[in-house]
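Undergrad: With the sequence shown counted from 1, adding 99 to any position gets you the working numbering. Yeah, the Cβ is synthetic: ideal placement off N, Cα and C, and Gly gets one too. Fair warning: this is a prediction, and the values are worked out from it, not measured in the lab. Have a look at this one.
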Amino acid sequence: MLSQLNWRRPEILLLLLALAMPLSFGVWQALLNNFVIERAQFTGAEIGLLQSVREIPGFLAFTVVFVLFLVREQRLAFISLIATGVGVALTGYFPSTVGLLCTTLLMSVGFHYYEALKTSLALQWLPKETSAIWLGRIVAAGSFASLAAYGLVWFASDKLQLDYTWIYLLGGGITVAIVAALWLMFPAFEQPHVQHRKIILRKRYWLYYALTFMSGARRQIFVVFAGFLMVEKFGYSVAEIAQLFIANHLLNLYLAPKIGRFIVRFGERRALTLEYIGLIIVFGGYAIVETATAAAALYIIDHLFFSMAIAIKTYFQKIVDDRDIASSAAVSFTINHIAAVVIPVMFGLMWLASPAAVFWCGAAMAAGSLLLAQNIPALPAAGNEVRWGRGATSAAL
Numbered sequence: 100m101l102s103q104l105n106w107r108r109p110e111i112l113l114l115l116l117a118l119a120m121p122l123s124f125g126v127w128q129a130l131l132n133n134f135v136i137e138r139a140q141f142t143g144a145e146i147g148l149l150q151s152v153r154e155i156p157g158f159l160a161f162t163v164v165f166v167l168f169l170v171r172e173q174r175l176a177f178i179s180l181i182a183t184g185v186g187v188a189l190t191g192y193f194p195s196t197v198g199l200l201c202t203t204l205l206m207s208v209g210f211h212y213y214e215a216l217k218t219s220l221a222l223q224w225l226p227k228e229t230s231a232i233w234l235g236r237i238v239a240a241g242s243f244a245s246l247a248a249y250g251l252v253w254f255a256s257d258k259l260q261l262d263y264t265w266i267y268l269l270g271g272g273i274t275v276a277i278v279a280a281l282w283l284m285f286p287a288f289e290q291p292h293v294q295h296r297k298i299i300l301r302k303r304y305w306l307y308y309a310l311t312f313m314s315g316a317r318r319q320i321f322v323v324f325a326g327f328l329m330v331e332k333f334g335y336s337v338a339e340i341a342q343l344f345i346a347n348h349l350l351n352l353y354l355a356p357k358i359g360r361f362i363v364r365f366g367e368r369r370a371l372t373l374e375y376i377g378l379i380i381v382f383g384g385y386a387i388v389e390t391a392t393a394a395a396a397l398y399i400i401d402h403l404f405f406s407m408a409i410a411i412k413t414y415f416q417k418i419v420d421d422r423d424i425a426s427s428a429a430v431s432f433t434i435n436h437i438a439a440v441v442i443p444v445m446f447g448l449m450w451l452a453s454p455a456a457v458f459w460c461g462a463a464m465a466a467g468s469l470l471l472a473q474n475i476p477a478l479p480a481a482g483n484e485v486r487w488g489r490g491a492t493s494a495a496l
């Protein structure tokens with residue numbers, strides 16, 4: 100029966116890869132703040148350093164273009180995910196600053212190469228008319244896997260009382276096993292357009308680059324400091340952090356496909372406007388929150404807005420030369436991580452003086468993104484990339 104169904108399709112592979120990655124990264128993320136505080140005695144300065152090191156491979160994601168001279172995109176995506184799983188599996192064995200920096204670097208190289216390749220393959224394989232819907236489904240698939248990962252963390256830590264080492268090993272090992280199976284099960288898909296094998300920066304993509312840069316800065320506030328706030332200020336345990344993540348992804352599982360359809364119906368500009376207005380409110384809330392319940396509500400709302408970032412990808416898909424996709428996806432990851440390398444260390448030191456100042460800076464960055472989003476045309480296309488400024492045409496709306 101399965102042989103009669105055309106399930107070995109590119110979009111199905113993207114969905115299954117989206118299931119594999121969070122099973123390791125979700126475990127790493129859910130355990131991290133408690134692990135580094137309890138076992139490695141981290142402060143805000145050390146967690147900032149660790150997160151900056153984690154983002155260095157993202158900053159160097161443009162190098163994936165050169166690796167593609169040797170390895171096809173699809174195969175390199177498999178290899179990258181396996182590296183992610185191995186890095187996570189080893190984390191629990193090295194509860195020291197140096198050990199965590201090394202395992203995090205291995206995990207991060209795989210993670211960021213995979214994320215760049217996933218974006219490239221999705222924009223090449225998915226039709227423009229429905230890509231937002233498929234990207235929403237991919238986000239939902241990732242949320243489903245994240246639910247499994249966080250449920251595993253909660254059950255293993257709270258009910259089975261397993262040590263960090265075993266939970267990290269289990270999460271990373273599952274990802275490696277799934278990717279190995281997918282590598283054997285799926286054929287090598289052809290790329291619809293021959294991709295440039297060089298670094299490409301085009302003036303007409305400037306708004307996409309700017310939105311991507313600001314997105315990287317905004318992400319660090321959530322990934323690094325919002326989670327750290329929950330543990331340091333409000334004393335959340337591993338099980339409680341896992342429960343927060345479960346709530347996040349239950350909402351994403353339901354809402355991400357609807358957000359994809361919202362983008363198709365109302366356009367990228369309106370979707371991003373909604374996201375950035377919401378983030379200004381959320382980051383301001385982090386700065387003044389005094390109760391654990393209110394902080395948890397902000398954390399869940401904050402995570403929900405990540406799905407809106409699909410609109411940045413679909414905007415770019417509509418304006419990009421099809422041959423630029425692989426190179427541009429890699430370059431955009433580097434742009435995304437310029438701020439990500441600097442902000443954790445800089446804001447980590449700021450945190451020691453005033454945690455609230457970190458979140459007020461995040462609100463200011465969200466306001467900057469809101470202004471940029473207003474420059475997206477109603478009907479973005481090649482030659483109609485922006486409403487005002489460089490590249491604007493009389494057709495811009």
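Run through the DSSP bridge pairs and tell me what Asn483 is partnered with.
TA: Numbered from its first residue, the sequence shown carries residue 483 at position 384. Bridge partners of Asn483: Ala480.
Undergrad: Taking only the alpha-carbon atoms, compute the straight-line gap between Phe365 and Ile409 and give it to the nearest angstrom.
TA: The sequence position of residue 365 within the sequence shown is 266, counting from 1. The sequence position of residue 409 within the sequence shown is 310, counting from 1. Spanning the two alpha carbons is a distance of roughly 13 Å.
Undergrad: Spatial neighbours of Val238 within its chain, please: C-beta separation below 6 Å, excluding the five flanking residues on both sides.
TA: Position 139 of the sequence shown holds residue 238. For Val238, where only same-chain residues beyond five positions count, the Cβ hits under 6 Å are Ala355, Ser406.
Undergrad: Can you tell which of Phe288, Thr203, Ala279, Trp106 has its C-alpha closest to the C-alpha of Ala221?
TA: To locate residue 221, count along the sequence shown from 1; it is residue 122. That would be Phe288, whose Cα lies nearest to the Cα of Ala221.
Undergrad: Quick one: using the 10 Å Cβ neighbour count with 16 as the cut-off for buried, is Lys412 buried or exposed?
TA: The residue you call residue 412 lines up with position 313 of the sequence shown. Lys412 is buried by the Cβ-count criterion.
Undergrad: Is there a Cβ of chain C sitting closer than 7 Å to that of Val430, yes or no?
TA: Among the chains of the structure shown, chain C does not appear; only one protein chain is present.
Undergrad: Mapping DSSP to helix, strand and coil, what is Leu106?
TA: Locating residue 106 in the sequence shown gives position 7, counting from the first residue. Sequence inspection shows Trp at residue 106; the Leu mentioned does not correspond to that position. In the structure shown, Trp106 sits in coil (DSSP, three-state: anything other than H, G, I, E or B).
Undergrad: In this structure, does DSSP put Tyr335 in helix, strand or coil?
TA: Your numbering for residue 335 matches position 236 in the sequence shown. Three-state result, Tyr335: coil.
Undergrad: So which of Gly191, Thr229, Val363, Ala394 has the shortest CA-CA distance to Tyr263?
TA: As a first step, residue 263 must be located in the sequence shown, where it is residue number 164. When only C-alpha atoms are compared, the closest one is Gly191.
Undergrad: Would you say Asp401 and Phe321 are within 7 Å of each other, going by their C-beta atoms?
TA: Position 302 of the sequence shown, counting from 1, holds the residue named residue 401. Position 222 of the sequence shown, counting from 1, holds the residue named residue 321. Yes, the pair counts as a contact, with Cβ atoms nearer than the cut-off.
Undergrad: How would you call Asn105, buried or exposed, if buried means at least 16 neighbouring beta carbons within 10 angstroms?
TA: Position 6 of the sequence shown holds residue 105. Exposed, because fewer than 16 other Cβ atoms sit within 10 Å of the Cβ of Asn105.
Undergrad: Using a 10 Å radius around the Cβ and a threshold of 16 neighbouring Cβ atoms, would you call Gln128 buried or exposed?
TA: Reading the sequence shown from its first residue, position 29 is the one you call residue 128. Gln128 is buried by the Cβ-count criterion.
Undergrad: Can the beta-carbon of Ala429 be found less than 7 Å from the beta-carbon of Val164?
TA: Reading the sequence shown from its first residue, position 330 is the one you call residue 429. Reading the sequence shown from its first residue, position 65 is the one you call residue 164. Contact flag set, yes.
Undergrad: Nearest to Tyr375 by CA position, among Lys357, Gly147, Leu471, is which residue?
TA: Working through the sequence shown from its first residue, we reach residue 375 at position 276. Taking only the C-alpha atoms, the option nearest Tyr375 is Leu471.
Undergrad: Count the other C-beta atoms from every protein chain shown that fall within 10 angstroms of the C-beta of Lys302, then say buried if there are 16 or more, exposed otherwise.
TA: What you label residue 302 is simply residue 203 of the sequence shown in a count that begins at 1. With fewer than 16 Cβ atoms within 10 Å of its Cβ, Lys302 is classed as exposed.
Undergrad: Counting only runs of 4+ residues fully inside the segment 353-397, write out the alpha helix (DSSP H) ranges in chain order.
TA: Listed in chain order, they are 367-387.
Undergrad: Looking at the structure shown, is Asn474 part of a helix, part of a strand, or coil, going by DSSP?
TA: Within the sequence shown, numbered from 1, the residue matching residue 474 stands at position 375. Coil at Asn474, not helix or strand.
Undergrad: Could you check whether the Cβ of Ile273 sits closer than 6 Å to any heavy atom belonging to the ligand ADP?
TA: Summarising the ligand content, the structure contains no ligands, and the ligand ADP is consequently not present.
Undergrad: Out of curiosity, what's the CA-to-CA distance linking Gly272 and Val126?
TA: Taking the sequence shown and counting its residues from 1, one reaches residue 272 at position 173. Taking the sequence shown and counting its residues from 1, one reaches residue 126 at position 27. If I take the Cα positions, the gap works out to 11 Å.
Undergrad: Got a sec? Which residues, its chain only, sit under 6 Å from Phe446 by beta carbon, not counting five neighbours each side?
TA: Position 347 of the sequence shown, counting from 1, holds the residue named residue 446. Answer for Phe446: Val457, listed in chain order.
Undergrad: Check each candidate in Thr218, Arg368, Phe327, Leu205 and name the one with the smallest Cα separation from Val152.
TA: The residue labelled residue 152 in the question sits at position 53 within the sequence shown. Among Thr218, Arg368, Phe327, Leu205, the Cα nearest to that of Val152 is on Leu205.
Undergrad: In the structure shown, what three-state DSSP assignment does Leu167 receive?
TA: The count along the sequence shown starts at 1 and reaches residue 167 at position 68. Of the three classes helix, strand and coil, the one that applies to Leu167 here is coil, per DSSP.
Undergrad: Use the C-beta contact count for Thr492: other C-beta atoms within 10 angstroms, 16 or more gives buried, fewer gives exposed.
TA: For the purposes of this step, residue 492 is taken as residue 393 along the sequence shown, with counting starting at 1. The predicted model places Thr492 with a pLDDT of 47, which falls under 50 and marks its position as unreliable; any figure quoted below should be read in that light. With fewer than 16 other Cβ atoms within 10 Å, it is exposed.
Undergrad: Taking 8 Å as the cut-off, does the segment 274-282 touch the segment 386-400 (at least 3 CB pairs, one atom from each stretch)?
TA: No: fewer than three Cβ pairs fall under 8 Å.
Undergrad: On the criterion of 16 or more Cβ atoms from any shown chain inside 10 Å, does Ile299 qualify as buried, or is it exposed?
TA: On the sequence shown, residue 299 is found 200 positions in, with the first residue counted as 1. Classification of Ile299: buried, given that the 10 Å Cβ count is 16 or more.
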